[in-house]
Amino acid sequence: MGKPWRRGWQTLWALLAMWVAAIASAQAPGLSSSDRPAFRAPAFSLARLAQDPVPARVLAGEFDGAFEAVSGSEIAAPRRQPIWWRIRVLGELSADAAPQLVVSRPYRREVELWRPGDAVPLRRSIYGPDTDFDHSTRFVVFPLPQGLRQGDVLYLRLMTVDVLPSKVTIQPLAEVHREDMLHVGLRSVVLTAMGVAAVLAFGFWAGLRERGYAYLGLTLVLQILTLTADGGEMRAVPWLSEIAPDGRTNVVLNTAAVLASIRFLIFFLGLRTTQPRVARILDYCSISLGTLLVVSVFRTWKHSALYGNLNLLVVIALVLYCTAVATWRRQREAYFLLLAWTPLMALLVVLVGANHQWWPEYAWLEYAFPVGLALGGLGLLLGLTSKLQQLRRDRDTANRLATYDSLTGAMTRAAISQSLRGAVDSAHRSHRPLSVVFFDIDHFKRINDEHGHRVGDETLRIVSLRTRNRLRAYDLFGRYGGDEVLVVLADTQLRDAVRVAEHLRESVSGSPLSIDGRLLPVSLSLGVAELLPGETPEQLLERADAALYASKSAGRDRVTGHATEPVETEAVS
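Structure, rendered in structure tokens:
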């Protein structure tokens, strides 16, 4: 693993440590258990009235015989149908501990409470005019300032669009505040982690223009909006608090989040090339979910939750399948997906089943699901970063192979030609001198024929090494073809370029090459030309090649400069 990979995991572990610290601080009560006054909640019985009569008649006792006893402490109601619940206290409760009646799972619910002696109910909800900002959104709280006596009766009227039950408890105010702190701490860490991951994803997308980051960032933003709408945090923003309770908001946000995650998955695993059949099925799921999204913008469909969740289960099955296949094929990205999304997929299946009452709802889902979303987003951000780092390494390797000759380490013909064109354009714009040196190895074909191609290759390698070491760091050095080499000298006039070429010649002919225990004398013929005003790269190379040909014709092992008047330097044998 490289250093960026290790730093990524260190960041993830740091975030986990912050999360644990937040839990610990939220769980730390203001008083020790020995300092707090003892509190024992009285037992109570629950009964349900399966109709919605006028409140005055219920309070007058006209329907006492119609209430049906219910075991446990959970209350529920059919969708959009108000239900009455009667709470009969079976013990005494002093007002000293500031007791509170607490109703959990207040999301998209309206609760009314009549305490003993109340003619007007207390109303509580997460959104709307009955919002209670004194407590977190984890539950709705009703104060019981007079305490309770054995036999007292409290009436709850519940209106909900959620079939999942709420739990009724009686707690001291200190305990309610402690649970408020824990809830706010956990939600803050989760939402902050997801927000940071989303900002980083969009930042990387803006800087790198890799659309995978945009898909991931959009997925995280939509998940944040879904969590804050369902969890009640949107109530702090007036205009958001007006749309959050609408059932269509939940469907639209959840559906859009699934669509964005499908796009990300297809990109992340490269499914269009590695698993095209799965990609096509996911496209069909996207069309189906897109239809649901468009319909939900304009109207509420009573089967939207079932329809959307069935599509979601198909998507989950496809995600698990393609991840397993990619893991089997040792696809690097699949390991990140396996670690980041498999727990989240399992949580989603449990959550979908609980929402449709296929099995009970588990209390731990309240925090496990948002934490799973946050960790999944962070894990995929690291995975995407690792993927892009690998792609960039592969691209750099490919660029290097395309730019540099593997035998000599010189630039390839395509690379040196492109660089020469840029250098010529720059020289013309800045009116600065530019010269080129063209050289090849004398009698190179004879070396290959007499000693073999391996010796010929080694000759090329050593000659390239010796000549390149005589150049400046910014001079361009490329293998133009066979044993021909092109050198581009920026800010260099012809006379200075001829001097450089002479140094190149001497670096080779000055001492024989030692190859396989034999000493092999080698010499170079070189041609030099300086760029003329308005001249093209092709014309410049043509003059340098003519100068090289002149060196060959004059007996080899020499430098010839091509100018309006030839400049020639004889070799010193």
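Just so we're aligned: the sequence shown equals residues -26 to -1, 1 to 547 in mature numbering (1 follows the signal peptide of the UniProt record, and there is no 0).
Beta carbons: idealized from backbone N, C-alpha and C, even for Gly.
Residue range of the beta strand (DSSP E) that includes residue i
i: residue 410; result: 408 to 415
i: residue 394; result: Unbroken run through residue 394 is the alpha helix (DSSP H), 387 to 404; no beta strand (DSSP E).
i: residue 132; result: 127 to 134
i: residue 18; result: 18 to 23
i: residue 535; result: 533 to 536
i: residue 42; result: 42 to 44
Minimum C-alpha distance to residue i - residue among the options
i: residue 121; options: 107, 167, 115, 71; result: 71
i: residue 130; options: 49, 171, 213; result: 49
i: residue 89; options: 79, 479, 119; result: 119
i: residue 61; options: 113, 97, 123; result: 123
i: residue 448; options: 464, 396, 425, 433; result: 464
i: residue 395; options: 284, 288, 513; result: 513
i: residue 189; options: 355, 107, 535, 407; result: 355
i: residue 332; options: 283, 298, 377; result: 283
i: residue 407; options: 504, 337, 424; result: 504
i: residue 400; options: 203, 357, 510, 15; result: 510
i: residue 182; options: 366, 535, 94; result: 366
i: residue 47; options: 25, 16, 55, 66; result: 16
i: residue 444; options: 343, 477, 422; result: 477
i: residue 32; options: 128, 157, 324; result: 128
i: residue 535; options: 409, 300, 208; result: 409
i: residue 288; options: 262, 402, 19; result: 262
i: residue 30; options: 58, 423, 137; result: 58
i: residue 224; options: 327, 153, 274; result: 274
i: residue 344; options: 45, 325, 329; result: 325
i: residue 212; options: 424, 101, 486, 125; result: 101
i: residue 111; options: 151, 19, 266, 272; result: 151
Close-in-space but distant-in-sequence residues of the same chain around residue i (CB under 7 angstroms, 5 per side omitted)
i: residue 293; result: 239, 315, 319
i: residue -2; result: Any reading at residue -2 needs caution, since the residue's pLDDT is 46, under 50, leaving its predicted position unreliable; the model's value is listed next. Excluding sequence neighbours, residue -2 sits near 159.
i: residue 457; result: 414, 415, 418, 434
i: residue 4; result: Because the pLDDT at residue 4 is just 42, under 50, the model does not fix this residue reliably, and the point stays unresolved.
i: residue 437; result: 415, 482, 496
i: residue 455; result: 387
i: residue 296; result: 243, 245, 249, 252
i: residue 313; result: 353
i: residue 196; result: 227, 230, 231, 234
i: residue 342; result: 321
i: residue 530; result: 416, 497, 499
i: residue 264; result: 233
N- and C-terminal bounds of the alpha helix (DSSP H) containing residue i
i: residue 86; result: Here residue 86 belongs to no alpha helix (DSSP H); instead the beta strand (DSSP E) covers 83 to 88.
i: residue 179; result: 147 to 182
i: residue 522; result: 511 to 527
i: residue 31; result: 29 to 33
i: residue 424; result: 418 to 425
Cβ separation of residue i and residue j, assumed to be a contact under 8 angstroms, to the nearest whole Å
i: residue 483; j: residue 499; result: Going by Cβ atoms, the distance from residue 483 to residue 499 rounds to 10 angstroms, so no, they are not a contact pair.
i: residue 21; j: residue 37; result: Rounded, the Cβ-Cβ distance is 10 angstroms, inconsistent with contact.
i: residue 308; j: residue 412; result: So it is not a contact: roughly 52 angstroms between Cβ atoms.
i: residue 459; j: residue 450; result: That pair is no contact at about 11 angstroms.
i: residue 172; j: residue 198; result: 7 angstroms
i: residue 227; j: residue 210; result: Going by Cβ atoms, the distance from residue 227 to residue 210 rounds to 17 angstroms, so no, they are not a contact pair.
i: residue 133; j: residue 51; result: 7 angstroms
i: residue 351; j: residue 208; result: That belief does not hold up - the Cβ atoms of residue 351 and residue 208 are roughly 20 angstroms apart, past 8 angstroms.
Cutoff 6 angstroms; reference residue i; Cβ partners in own chain excluding five residues on either side
i: residue 280; result: none
i: residue 97; result: 86, 104
i: residue 114; result: 77, 80, 85, 98
i: residue 236; result: 256, 260
i: residue 187; result: 175, 178, 179
i: residue 432; result: 489
i: residue 475; result: 411, 500, 502, 533
i: residue 528; result: none
i: residue 336; result: none
i: residue 311; result: 297
i: residue 6; result: Only weak support is given to the placement of residue 6: the predicted model assigns it a pLDDT of 42, under 50, and the value that follows is read from those uncertain coordinates. Closer than 6 angstroms at Cβ, skipping near neighbours: no residue.
i: residue 143; result: 76
Chain B within 8 angstroms of residue i, Cβ atoms only
i: residue 505; result: Among the protein chains of the structure shown there is no chain B, as only one such chain exists.
Cβ shell of residue i (< 8 angstroms), same chain only, five flanking positions each side left out
i: residue 385; result: 377, 378, 379, 393, 450, 451, 452, 453
i: residue 68; result: 121
What beta strand (DSSP E) runs, 3 residues minimum, are completely inside the segment 188 to 272?
none
3 or more residues per run - each beta strand (DSSP E) lying fully within the segment 439 to 501
450 to 455, 458 to 464, 487 to 489, 492 to 494
Curious, which full-length beta strand (DSSP E) runs of at least 3 residues does the segment 293 to 380 contain?
none
Write down every uninterrupted run of the beta strand (DSSP E) in the segment 58 to 118 whose length is 3 residues or greater and which is fully enclosed by it, in chain order.
73 to 78, 83 to 88, 96 to 99, 113 to 117
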